[in-house]
Ligand code: ATP
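Now the structure itself:
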């Protein structure tokens with residue numbers, strides 16, 4: 235049954251004035267049009283868990299699009315509408331964002347203003363969500379502001395730390411929810427409920443392989459691999475026999491587990507050193523997870539899960555470059571810093587950390603970390619302008635000189651500007667280069 239509980243005090247305490255004023259405004263704008271507005275989903279869940287989450291999801295009983303435009307106008311924000319899904323995003327000048335959805339009224343032929351119908355459409359909207367903990371709502375209209383709506387015993391599941399679906403066909407309807415369940419379980423330290431776990435196993439046994447495709451899966455996988463520590467979630471996926479759905483040849487064998495652990499260590503190391511450098515953790519883990527797949531198999535993966543072109547290029551590009559470097563490193567280490575540099579220069583941070591994770595030889599790991607911490611940042615002090623002043627004519631010779639200078643610098647042959655000048659004059663005598671260029 236529904237419990238009435240008012241969250242006004244909690245909201246003021248947890249969200250701060252600015253956000254509460256925004257929520258009240260949403261309720262007022264809805265009221266003016268005789269709509270009803272509710273905050274729903276992860277926002278409500280995190281409010282009750284006392285977790286920070288400022289992504290406001292709003293469901294409107296009424297016309298969500300009309301509402302979104304009115305809200306944007308009132309708050310001088312901008313609105314982007316997805317007509318097809320009857321959703322809109324309102325972006326406010328202070329950076330806050332409100333997602334607006336329309337409660338589906340298609341089963342009800344009554345005017346939106348009738349109270350019983352209003353309640354039912356909200357209930358239907360919440361019933362179609364992924365888990366009970368995400369299926370609560372908070373009234374935003376002025377007359378009932380702050381009242382919690384809990385049709386499905388969500389508060390109990392939140393208290394018991396349980397992830398439960400709302401009905402038995404949930405995973406058949408949308409298998410991406412299986413990934414979401416695992417992500418929430420690991421992130422929040424919750425447990426998937428017994429019955430819900432049985433439903434996952436049933437879904438897996440029914441072999442919904444053919445229904446595992448498309449971008450939404452990739453999005454959820456990326457979500458899992460972007461969590462603070464994705465290893466338990468990956469282990470859980472393996473235990474539930476989900477990895478073969480990503481690719482039939484994916485198995486969590488000891489070597490792969492080791493790779494993932496090493497990836498985590500490499501990422502921790504990198505983040506300690508370069509706190510502010512962007513690094514896509516998911517990409518490192520995905521490379522490690524798919525280490526045994528051939529390039530063509532990884533291409534199949536990208537196709538099946540409609541991996542966006544940019545991500546596809548990152549994944550395939552880093553894999554190819556890292557694999558090439560790994561082959562060289564396995565045979566023999568470069569015997570100079572410039573050799574290490576040229577071996578690794580084509581890799582981004584993610585490919586480097588992946589390479590670090592799959593390299594077992596201590597000397598190889600040392601070379602890679604030397605590249606990351608030092609060599610990759612080495613530049614000659616002289617630049618094109620200096621060369622012009624020295625009397626060289628701009629042209630391909632500039633690249634040549636600067637490349638050789640870089641190598642000399644990497645290998646310690648030159649250590650400062652003076653030595654670079656001597657090096658350039660010695661190796662590229664002006665008279666000769668002028669003749670060559672003539
Ligand atoms: P996060 O903190 O990761 O953003 P969230 O709960 O806000 O968690 P979103 O992915 O932003 O998750 O989704 C917003 C809401 O939409 C969820 O709370 C959930 O109710 C609903 N939702 C998302 N994906 C699904 C799905 N596959 N099936 C049903 N409902 C979903």
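Numbering (the working numbering), first residue to last: 235 to 672.
Just so it is clear, CB atoms sit at the ideal spot from N, CA and C, and this is done for glycine as well.
Being a predicted model, the structure only gives us computed values, none of them experimental.
Quiz prompt | Inter-residue spacing [alpha-carbon to alpha-carbon] between residue 246 and residue 370 | solution = When rounded, the separation of the alpha-carbon atoms in residue 246 and residue 370 is 19 Å.
Practice problem: With a threshold of 16 other CB atoms inside 10 Å of the CB of residue 487, please say whether the residue is buried or exposed. | Solution: Residue 487 is exposed by the Cβ-count criterion.
Practice problem: Put residue 272 into one of helix, strand or coil per three-state DSSP. | Solution: DSSP places residue 272 in strand when its eight states are reduced to three.
Quiz item: Unbroken beta strand (DSSP E) runs of length 3 or more, entirely within the stretch 346 to 409: which are they?
Solution: Residue ranges of uninterrupted beta strand (DSSP E) with 3 or more members, entirely inside the stretch 346 to 409 and ordered along the chain, are 371 to 373 and 381 to 383.
Exercise. Would you kindly report the start and end of the unbroken alpha helix (DSSP H) that includes residue 500?
Key: Element bounds for residue 500: 488 to 507.
Quiz item: Near residue 363, what residues of its chain come up, given a Cβ to Cβ distance below 6 Å and the 5 sequence neighbours on each side ignored?
Solution: These residues qualify, in order along the chain: 369.
Quiz item: What is the rounded straight-line gap between the Cα of residue 648 and the Cα of residue 615?
Solution: Each residue's CA atom was taken as its position, placing residue 648 and residue 615 some 10 Å apart.
Quiz item: How about residue 366: is its Cβ closer than 7 Å to a heavy atom in the ligand NAP?
Solution: Ligands in the displayed structure: the ligand ATP; the ligand NAP is not one of them.
Quiz item: Measuring from the CB of residue 259, is there a heavy atom of the ligand ATP at a distance below 7 Å?
Solution: Not one heavy atom of the ligand ATP is found less than 7 Å from the C-beta of residue 259.
Practice problem: Count the CB pairs spanning the stretch 327 to 335 and the stretch 291 to 302 that are closer than 8 Å, and state whether there are at least three. | Solution: Yes, they touch.
Quiz item: Is any heavy atom in the ligand ATP found nearer than 7 Å to the beta carbon of residue 287?
Solution: Yes; taking the cut-off as 7 Å, the Cβ of residue 287 has a heavy atom of the ligand ATP nearer than that.
Quiz item: If you follow the beta strand (DSSP E) that residue 336 is part of, which residue opens it and which one closes it?
Solution: Here the beta strand (DSSP E) through residue 336 covers 331 to 336.
Practice problem: Would you check whether the ligand ATP has a heavy atom nearer than 7 Å to the C-beta of residue 328? | Solution: Taking non-hydrogen atoms of the ligand ATP into account, the C-beta of residue 328 is found less than 7 Å away from none of them.
Practice problem: Note down, in chain order, each residue of its chain lying with its Cβ closer than 6 Å to the Cβ of residue 341, except the 5 sequence neighbours on either side. | Solution: For residue 341, the predicted model reports a pLDDT of 48, less than 50, meaning its position is unreliable and no value from the coordinates is stated.
Quiz item: Between the beta-carbon of residue 268 and the beta-carbon of residue 299, is there less than 8 Å?
Solution: Not in contact: residue 268 and residue 299 (Cβ atoms no closer than 8 Å).
Quiz item: Measuring CB to CB, does residue 606 end up less than 8 Å from residue 577?
Solution: Cβ atoms of residue 606 and residue 577: not closer than 8 Å.
Quiz item: By Cβ distance below 6 Å, which residues in the same chain neighbour residue 643 in space, the five residues on each side in sequence not counted?
Solution: Excluding residues within five positions, the ones whose Cβ falls inside 6 Å are 612 and 614.
Quiz prompt | Per-residue burial, residue 366 [other beta carbons within 10 Å of its own, 16 or more giving buried] | solution = Buried.
Self-check item: Residue-level contact to chain C via CB, residue 449, 8 Å cutoff
Solution: The structure shown has no chain C; it contains just one protein chain.
Quiz item: What number of angstroms, rounded off, separates the C-alpha of residue 284 from the C-alpha of residue 356?
Solution: Looking at the two C-alpha atoms, the distance is approximately 24 Å.
Quiz prompt | Simplified DSSP state of residue 650, which is helix, strand or coil | solution = Coil, per DSSP.
Quiz prompt | Cα-Cα separation between residue 550 and residue 617, rounded to whole angstroms | solution = Going by the C-alpha atoms only, they are around 34 Å apart.
Quiz item: Exposed or buried, which one is residue 249 when buried takes at least 16 other CB atoms within 10 Å?
Solution: Around the beta carbon of residue 249, 16 or more other beta carbons lie within 10 angstroms, which makes this residue buried.
Exercise. In angstroms with no decimal places, state the Cα-to-Cα distance between residue 522 and residue 494.
Key: Taking the straight line joining both Cα atoms gives about 6 Å.
Quiz prompt | Residues that residue 325 bridges to, as DSSP identifies them | solution = For residue 325, which the question treats as bridged, DSSP gives the partners 312 and 331.
Quiz item: Short check: CB of residue 308 to CB of residue 255, under 8 Å?
Solution: No.
Quiz item: Is it a yes or a no for the stretch 374 to 389 touching the stretch 422 to 440, going by three-plus beta-carbon pairs under 8 Å?
Solution: In short, these stretches do not touch, since the Cβ pair count stays below three.
Exercise. In the DSSP assignment, find the beta strand (DSSP E) that holds residue 612 and state where it starts and stops.
Key: Counting along the chain, no beta strand (DSSP E) covers residue 612, and no H or E run does either.
Exercise. Kindly indicate the opening and closing residues of the beta strand (DSSP E) around residue 291.
Key: That run of the beta strand (DSSP E) goes 290 to 295.
Quiz item: Given that a residue counts as buried once 16 or more other Cβ atoms are within 10 Å of its Cβ, and exposed if not, what is residue 336?
Solution: A residue is called buried once 16 or more other Cβ atoms fall within 10 Å of its Cβ, and residue 336 is buried on that count.
Quiz item: Relative to the C-alpha of residue 658, which residue among 455, 478, 608 and 620 is closest?
Solution: Nearest to residue 658 by C-alpha distance, out of 455, 478, 608 and 620, is 620.
Exercise. Please state whether DSSP places residue 341 in a helix, a strand or coil.
Key: Confidence at residue 341 is low in this model, with a pLDDT of 48, below 50, so the placement of that residue should be treated as unreliable; the coordinate-derived value is given next. Secondary structure at residue 341: coil, using DSSP grouped into helix, strand and coil.
Quiz item: Just the Cα atoms here: how many angstroms apart are residue 457 and residue 416?
Solution: So the alpha carbons of these two residues sit roughly 10 Å apart.
Quiz item: Which same chain residues, not among the five before or five after residue 449, have their C-beta less than 6 Å away from its C-beta?
Solution: Once the five neighbours on either side are set aside, the close Cβ partners of residue 449 are 540.
Exercise. Pair every Cβ in the stretch 583 to 601 with every Cβ in the stretch 622 to 633, then say whether three or more of these pairs are closer than 8 Å.
Key: No: the two stretches stay apart, fewer than three of their Cβ pairs being nearer than 8 Å.
Quiz prompt | CA nearest to the CA of residue 520, picked from 490, 653 and 502 | solution = Closest option to residue 520, Cα to Cα, is 490.
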